[in-house]
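Engineer: Chains as they are written, first to last, in our numbering: chain D, 1484 to 1749; chain A, 1484 to 1749. Where a beta carbon is used, it is the ideal one built from N, C-alpha and C, also for glycine. On a predicted model such as this, the values are computed, not experimentally measured, just so you know. Dropping a structure here in structure tokens format, bear with me for questions.
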DNA sequence: ACCGTTTGTCCGAAATATCGGACGTCGGTC
DNA sequence: GACCGACGTCCGATATTTCGGACAAACGGT
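What follows is the structure, given as structure tokens:
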């Protein structure tokens, strides 16, 4: 995977920008380490992490030992790789339970995923990127690995069209980086097409996209709105593109009902 | 809450044991901070965390700022309290997805919780304590807060009777601290009673306990076994004690089927 | 069996992160 | 309006942690 190269470059830049000297605090090293594991999304050898984050090898070994002891990390497979440990799960669960909307969304997402049997998600914005917060795989396990916490350009997603629907054309142009309209396969999404999607979505109360980031996938999304009517999150299904129109209509109704229940102050 | 006093004492002891001097690495301070938040399980003021973990105030402010920037922590309520941030959720999800058994268990737990409408859990041992790894609240939201990652004495739980069922009486006496047979309300569980529960559980393939840690709660649990037949985890329901015997039988069958599907190598 | 590569540990030096304490603010109380 | 306690920031000194490099062991390809 060539992603490592990008991460490496970024880490090097960051290091340059923040600290002219190579020396850094342990805690900053640890943060870089965890972010790197999250980007790679796979057990990784300690020496590789050290290289890719620009951390001295001896320092990385020292830190990893400390973190393994605290169960923040786990040694995997006996082949010298490390990955996240159970403590992260405990702390993450505490976070989920502490945020009212997310706690409610968990119930909804689990419910509709089970009901319909397809993968359901709960998504928000993080800065100018789209983010999956909750992911409940459907029965068919259509997409295997979760993409929780991975930032994605807004135009690549159905939900993105809802999450910015309080902005006018100008605001959106300023808000979304121009490059984000470029799909992974090289196609470019026309801005007025995006705006049109957005307006239709607002009147219809849901949005559907097909073959956007993935040729065989359709996304259906409904908006969770705050009392002022602003879309603060979405709940959505990720389904095969050849799903019947009838089935999709059922899903849309399901999503609308769930989104309504999640919208605060109603 | 008097829990703070205990935590404080423990932190002080740990500090004494490890470092005669008050000085410590940032990473160790951070670990103590996160563990403290997990124990308290509530947004906490920075000064309180500093006091309870034995960390100098100025150091704690410095660290919290760093962690907030990394989204490991979040400032809450505008009243100067901090709690876990979204990054913990992302890393925790990566952990769940990386462990085969847990990934499968998530599907099962979600499925049976939805099917039956009651709270379902997936549990293991951590050292000589019982631990809830997954918790899916049922429709009635019987118990509100999750107890994920909280260690509980083995004898207090239904699952505990399964998780040690490969040991003989002597091994168990050595393994489980004597104090752990003392329930929160002061009653003591007789050892032979515990052993009897355990044997009955093994022949029946499930275990039921009522009013153990909580007067109005019944727990139903079934064992997940490795190819050697050893119980490596349990899947269970937490239900009101007045649930009809008929309904409980349905749940037991559900649990057994799920546990069987989760047992590796079949 | 040989040799180049990688892994994990250890050590001393010195750059620096932690610490203690002082300081200004803010809010509530008498 | 004066007092008190808590909050958050800032600063200089020094105890400590990071870092680089050396080393032995394990690995793996030829």
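Comparing C-alpha positions only, which one of A/1662, A/1581, A/1643 and A/1562 sits nearest to residue 1678 of chain A?
Structural biologist: Checked all of A/1662, A/1581, A/1643 and A/1562; the closest Cα to residue 1678 of chain A is A/1643.
Engineer: Tell me whether residue 1519 of chain D is buried or exposed, calling it buried when 16 or more other Cβ atoms sit within 10 Å of its Cβ.
Structural biologist: Under this definition residue 1519 of chain D is a buried residue.
Engineer: Considering Cα atoms alone, identify which of A/1578, A/1715 and A/1558 is closest to residue 1529 of chain A.
Structural biologist: Taking only the C-alpha atoms, the option nearest residue 1529 of chain A is A/1558.
Engineer: Please list the segments of the beta strand (DSSP E) lying wholly inside the stretch 1680 to 1722 of chain A, counting only runs of 3 or more residues, in order along the chain.
Structural biologist: List check, beta strand (DSSP E) in window: 1690 to 1693 and 1700 to 1708.
Engineer: What would DSSP say about residue 1726 of chain A, mapped onto helix, strand or coil?
Structural biologist: Note: residue 1726 of chain A maps to coil in three-state DSSP.
Engineer: If we count the other Cβ atoms within 10 Å of its Cβ and call it buried at 16 or more, is residue 1699 of chain D buried or exposed?
Structural biologist: Counting Cβ neighbours within 10 Å, residue 1699 of chain D comes out exposed, since fewer than 16 surround it.
Engineer: By Cβ distance, which residues of its chain are closer than 7 Å to residue 1648 of chain D, with the 5 residues on each side in sequence left out?
Structural biologist: Closer than 7 Å at the Cβ level, and outside the excluded window around residue 1648 of chain D, lie 1681, 1684, 1685 and 1714.
Engineer: Given a cut-off of 7 Å, decide if residue 1737 of chain A and residue 1595 of chain A are closer than it, judged by their beta-carbon atoms.
Structural biologist: Contact: yes.
Engineer: Can you tell me the Cα-Cα spacing of residue 1632 of chain A and residue 1604 of chain A, whole angstroms?
Structural biologist: If you take the alpha carbons of residue 1632 of chain A and residue 1604 of chain A, they lie about 12 Å apart.
Engineer: Taking 7 Å as the threshold (beta carbon to beta carbon), is residue 1579 of chain D in contact with chain A?
Structural biologist: It does: the Cβ of residue 1579 of chain D has a partner Cβ on chain A nearer than 7 Å.
Engineer: At 7 Å on the CB atoms, spell out the chain A contacts of residue 1597 of chain D, in chain order.
Structural biologist: Correct list: 1593, 1594 and 1597.
Engineer: May I ask you to list, following chain order, the residues of the stretch 1513 to 1535 of chain D that have a beta carbon less than 9 Å from some beta carbon of chain A?
Structural biologist: Hits within the stretch, in order: 1513, 1514, 1517, 1518, 1520, 1521, 1524, 1525 and 1526.
Engineer: Got a sec: is the Cβ-Cβ distance from residue 1631 of chain D to anything in chain A below 7 Å?
Structural biologist: So, interface residue.
Engineer: Would you kindly work out how many angstroms separate the C-alpha atoms of residue 1515 of chain D and residue 1645 of chain D, rounded to a whole number?
Structural biologist: When rounded, the distance between both Cα atoms is 32 Å.
Engineer: Is it buried or exposed, residue 1548 of chain D, if we count other Cβ atoms within 10 angstroms and call 16 or more buried?
Structural biologist: The residue in question, residue 1548 of chain D, is exposed, as its Cβ has fewer than 16 Cβ neighbours within 10 Å.
Engineer: Determine the extent of the alpha helix (DSSP H) in which residue 1584 of chain A is found, giving its start and end residues.
Structural biologist: That run of the alpha helix (DSSP H) goes 1583 to 1599.
Engineer: Have a look at the DSSP bridge pairing and note the partners of residue 1617 of chain D.
Structural biologist: Paired residues: D/1605.
Engineer: Kindly indicate the opening and closing residues of the beta strand (DSSP E) around residue 1664 of chain D.
Structural biologist: Neither: residue 1664 of chain D is in no beta strand (DSSP E) and is coded neither H nor E.
Engineer: Any residues in the stretch 1664 to 1687 of chain A with a beta carbon nearer than 9 Å to a beta carbon of chain D? Which ones, in chain order?
Structural biologist: Within the stretch 1664 to 1687 of chain A, no residue has a Cβ that lies closer than 9 Å to any Cβ of chain D.
Engineer: Do you know how far the Cα of residue 1696 of chain D is from the Cα of residue 1636 of chain A?
Structural biologist: Cα-Cα distance, rounded: 49 Å.
Engineer: Residue 1564 of chain A lies in the beta strand (DSSP E); which residues open and close that run?
Structural biologist: Counting along the chain, the beta strand (DSSP E) containing residue 1564 of chain A begins and ends at 1564 to 1567.
Engineer: Quick one: using the 10 Å Cβ neighbour count with 16 as the cut-off for buried, is residue 1563 of chain A buried or exposed?
Structural biologist: So residue 1563 of chain A ends up on the exposed side.
Engineer: Output the boundary residues of the alpha helix (DSSP H) element that contains residue 1518 of chain A.
Structural biologist: From DSSP, the alpha helix (DSSP H) with residue 1518 of chain A extends over 1509 to 1523.
Engineer: Given residue 1566 of chain A, which residues of its chain have a CB within under 8 Å of its CB, disregarding the five upstream and five downstream residues?
Structural biologist: So the qualifying residues of the chain are 1520, 1525, 1526, 1527, 1556, 1557 and 1559.
Engineer: Could you tell me which chain A residues have their CB closer than 7 Å to the CB of residue 1553 of chain D, listed as they occur along the chain?
Structural biologist: Result: 1514.
Engineer: Please list the partners that residue 1649 of chain D has in chain A, where partner means a Cβ-to-Cβ separation under 7 Å.
Structural biologist: Those within 7 Å of residue 1649 of chain D in chain A number zero; the least Cβ separation is about 22 Å.
Engineer: Assign residue 1581 of chain A to one of two classes, buried (16 or more other C-beta atoms within 10 Å of its C-beta) or exposed (fewer than that).
Structural biologist: Label assigned to residue 1581 of chain A: buried.
Engineer: Is there contact here, the stretch 1700 to 1707 of chain A with the stretch 1720 to 1735 of chain A, by at least three beta-carbon pairs under 8 Å?
Structural biologist: In short, these stretches touch, since the Cβ pair count reaches three.
Engineer: With 16 other CB atoms within 10 Å as the buried threshold, where does residue 1602 of chain A fall?
Structural biologist: Residue 1602 of chain A should be labelled buried.
Engineer: Taking its Cβ as the centre, do 16 or more other Cβ atoms sit within 10 Å of residue 1535 of chain A, making it buried, or is it exposed?
Structural biologist: Residue 1535 of chain A should be labelled buried.
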